[in-house]
Every structure is written in structure tokens, then in C-alpha cells.
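Participant: Provided herewith is a single structure, encoded as C-alpha cells, for subsequent inquiry.
In our numbering, the protein residues as written are 180 to 418.
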């Protein structure tokens with residue numbers, strides 16, 4: 180068997196990275212002090228909600244927090260972050276409208292199961308704002324079903340017997356999951372079609388409380404000739 184050199188001179192090109200954005204909500208502390216209890220009453224403790232039918236907060240039908248004028252400052256901060264996210268992507272955000280189409284409260288106490296893997300197929304960008312969280316809160320976990328680096332079948336899979344595994348360790352080139360810690364006062368923005376879930380890594384000692392939702396982008400007035408994104412619904416006709 181021919182010996183192989185372990186440290187050949189080489190260069191790696193990391194192409195087509197996916198961007199997950201985290202930004203600060205500048206009004207977080209004031210918003211939390213003013214509205215945390217009110218928001219919990221709105222969804223989590225509301226006695227009139229059909230608990231047996233609710234497999235997720237969205238099923239409550241209460242997913243229009245963005246229409247409450249009391250929360251305007253928070254949503255303004257959110258949109259500021261959306262526009263910064265677009266600038267990171269190299270997009271001229273001044274040509275786009277940002278529509279918040281859904282927003283709901285999400286509370287995870289010590290008894291709640293992890294949120295299963297899913298995506299949001301009716302929007303462009305999804306967000307998760309952490310209003311209350313700490314180091315014991317479930318992590319936000321992103322998934323990919325196929326890894327183009329897995330050049331041979333199931334090469335990156337592992338079994339309970341490490342002697343049968345082909346990979347020596349997980350890294351950013353061979354992993355299929357990536358976790359993001361829920362830092363209070365920040366918002367995570369990501370493409371809505373990305374598969375995501377939550378991951379519990381330790382006993383929770385605090386209720387994780389957040390606002391999640393979806394965002395759709397449209398062309399601003401004066402940019403209708405563009406073939407990119409989508410025409411604003413103000414020009415649509417309902418038939």
C-alpha cells in the first residue's frame with residue numbers, strides 16, 4: 180500500500196455559503212418590560228383558545244401581532260435588521276418593500292417538546308426574536324437534507340460503532356445540522372425555505388419566550404420594470 184502525505188499544500192474554496200443573520204433589537208429591554216405579560220396573556224394563558232387543536236402557536240389563529248400599534252417600535256427595529264440582512268447579501272434594499280405577513284408568540288416551558296423540523300413555504304424570510312431566554316433554552320437548529328460534499332453514498336453518516344465510520348469528526352464541510360444559541364434581545368433572520376427545528380441540550384430553567392414570523396419582499400413603486408422579486412400587491416386585481 181502506498182503511503183500518503185497528510186499535509187500536502189492545498190487551498191480550499193468555500194463557495195455558495197448560506198447566510199443566517201443575527202441582529203440586536205435596540206428597543207428590547209423597554210419592549211420586554213412593557214409587553215411581556217400582555218403578550219403571554221394574548222396567547223399562552225388565553226382561556227378561550229382551542230388547546231386540543233393547537234399543534235403549534237400558529238394554529239391559534241393569533242398570528243397578526245404586527246397589526247398591534249403598541250408593538251410598532253419592535254417591528255420597526257425588526258425591519259431595520261431585515262434591511263441590514265439584505266445589505267449583507269449585496270441587495271439594494273431601497274428598491275424593496277418589506278411586508279410582515281405573519282407574527283406570533285412562541286412560548287417553550289420545561290414540559291414542551293422540541294419543535295420538529297419544518298420550513299415556511301409562504302414567505303421569503305423568517306425570523307425569531309428572543310424576548311426571554313438563557314443558556315438552558317433550546318437552540319435553533321438548521322438542517323440540510325443533501326450535502327454536495329458527500330461525494331460517496333452515506334459517507335458522512337455515523338453509527339454507534341466508531342470503527343465503522345468514515346468521518347473522523349464533524350466539521351462545517353460534512354455536517355447536516357447547525358445550531359444557533361437563543362441570545363435574549365436578538366433576532367435571527369434566515370431564508371424561509373430552510374429546514375429548521377429546536378434542539379434541547381439541557382434541563383430548561385426558564386420559559387423561552389419569543390416572537391416568530393414571516394416576511395415577504397416586493398418591488399417598491401417605480402421599480403415595476405424589474406423582472407426580479409415580485410410586483411407589489413397594491414397593483415394586483417382580485418378576481
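Backbone N, C-alpha and C define an ideal beta-carbon position, used for all residues, glycine too.
Model, not experiment: these values are computed from the prediction.
Could you work out which residue in 281, 275, 368 is closest to residue 320 when comparing CA atoms only?
Facilitator: The shortest C-alpha separation from residue 320 is found at 368.
Participant: For a test of the three-state rule: what should DSSP assign to residue 376, helix, strand or coil?
Facilitator: DSSP places residue 376 in strand when its eight states are reduced to three.
Participant: How about residue 218 and residue 187: do their beta carbons lie closer than 9 Å?
Facilitator: Contact flag unset, no.
Participant: If you drop the 5 nearest sequence neighbours on each side, which residues of the same chain put their C-beta closer than 8 Å to that of residue 257?
Facilitator: Closer than 8 Å at Cβ, skipping near neighbours: 204, 279, 306, 308, 366.
Participant: To which residues does DSSP link residue 243 through a beta bridge?
Facilitator: Its beta-bridge partners are 282.
Participant: Out of 265, 213, 383, 402, which has the shortest C-alpha to C-alpha gap to residue 304?
Facilitator: Residue 304 has its Cα closest to that of 265, out of 265, 213, 383, 402.
Participant: Please look up how many angstroms separate the CB atoms of residue 352 and residue 328, rounded, as I've assumed it's under 8 Å.
Facilitator: Confirmed, about 5 Å.
Participant: In chain order, what residues of the same chain have a beta carbon less than 8 Å from the beta carbon of residue 384, not counting five sequence neighbours either side?
Facilitator: Once the five neighbours on either side are set aside, the close Cβ partners of residue 384 are 289, 313, 315.
Participant: How close, in whole Å, do the beta carbons of residue 260 and residue 214 come, if the pair is a contact with beta carbons under 8 Å?
Facilitator: Wrong, their Cβ atoms sit about 19 Å apart, outside the cutoff.
Participant: Go ahead and pull the three-state DSSP assignment for residue 359.
Facilitator: Strand at residue 359.
Participant: Evaluate residue 363 with the Cβ neighbour count: other Cβ atoms within 10 Å of its Cβ, from every protein chain shown; 16 or more gives buried, anything less gives exposed.
Facilitator: Buried.
Participant: Whole angstroms are fine: how far does the CA of residue 254 sit from the CA of residue 221?
Facilitator: Straight-line Cα distance between these residues: approximately 17 Å.
Participant: Considering Cα atoms alone, identify which of 296, 357, 241 is closest to residue 281.
Facilitator: Considering only alpha carbons, the answer is 241.
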